[in-house]
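>
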Amino acid sequence: MLGKNTGGKKGLYRALALIDEVLDQSQYNLISLSIGPPESIDDDRVSAWTTLLDDYLGLSNCLGLVAVGNNGEEADLASRVMAPSDSVNALGVGACSHANGDCWARAPYSAKGPGRSPGLVKPDVVYFGGTLESPFLFAGIRGQILHEVGTSFSTPSLARMAAGLKV
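Here it is as structure tokens:
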């Protein structure tokens, strides 16, 4: 995740350039991304993030997992998945929360489809992303305990599980 004062669009372009540089350095088996432009996908425009990821994953044997975003409670199209989770060569990871004691349900904050054709069904998978009652806990930069929920946590959690699988 980028912090609040990370340079806006310039910061995002720098992050994208760094991701491109790192992906060019080696062949990876698994990548997990919880970063991208802060807007829902547009059917008429494929983002540079999605293009970069689709190009890399299309030429490799790498499993890509990408957070779909936390805009699921927005109105209509604003609740759609965010780039680059619309990649056709990556799995878009949403978040689910334990509901009613017995079953799993999409977490209200988790973005939803449709994705862009041919990947209309998005997210591809969901994994626990935290709830108000059971958030992810982590240490802040000053050592304080922080708590948060989101697809930025469900995605690396699922990646950890996927890393243990050998095909």
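Numbering (UniProt numbering), first residue to last: 1 to 167. Quick reminder that beta carbons are idealized off the backbone N, C-alpha and C, glycines included. Nothing here was measured: the structure is a model prediction, and the numbers come from that model.
Please report the distance separating the alpha-carbon of Met1 from that of Leu18.
Confidence at Met1 is low in this model, with a pLDDT of 46, below 50, so its placement is unreliable and no value can be given for it.
> Quick check on the burial criterion: 16 or more other C-beta atoms within 10 angstroms. Buried or exposed for Met161?
Exposed: under 16 other Cβ atoms inside 10 Å.
> Assign Cys103 to buried or exposed, taking buried as 16 or more other Cβ atoms, counted over all protein chains shown, within 10 Å of its Cβ.
When all chains shown are included, Cys103 counts as exposed.
> Comparing alpha-carbon positions, which option in Val81, Pro123, Thr131, Leu146 lies nearest Val46?
When only C-alpha atoms are compared, the closest one is Val81.
> Taking the continuous beta strand (DSSP E) assigned at Glu148, which residues delimit it?
From DSSP, the beta strand (DSSP E) with Glu148 extends over 145 to 148.
> Secondary structure at Met1, three-state DSSP: helix, strand or coil?
Note that Met1 has pLDDT 46, beneath the 50 cutoff, so the model's placement of it is unreliable and no number is given.
> Here's the rule I'm using: 16 or more other beta-carbon atoms within 10 Å means buried, otherwise exposed. How should Thr50 be labelled?
Thr50 comes out buried.
> Sorted by chain position, which residues of the same chain lie with C-beta nearer than 7 Å to Ala163's C-beta, five sequence neighbours on each side aside?
The residues are Leu30.
> Pull up the DSSP beta-bridge partners for Val121, would you.
In DSSP, Val121 forms no bridge with anything.
> Taking 9 Å as the threshold (C-beta atoms), are Pro156 and His147 in contact?
Not a contact, by the Cβ cut-off of 9 Å.
> Sorted by chain position, which residues of the same chain lie with C-beta nearer than 8 Å to Pro114's C-beta, five sequence neighbours on each side aside?
Same-chain partners within the cutoff: Arg80, Leu120, Val121, Lys122.
> If we ignore side chains and look at the alpha-carbon of each, how far apart do Ala15 and Ile35 end up?
Ala15 and Ile35: Cα-Cα distance of roughly 9 Å.
> Is Gly129 closer than 9 Å to Cys96 when the C-beta atoms are compared?
For Cys96 and Gly129, yes; Cβs fall inside 9 Å.
> Around the C-beta of Phe153, are 16 or more other C-beta atoms found within 10 angstroms, so that it is buried, or is it exposed?
Per the 10 Å Cβ criterion, buried.
> Mapping DSSP to helix, strand and coil, what is Arg160?
DSSP places Arg160 in helix when its eight states are reduced to three.
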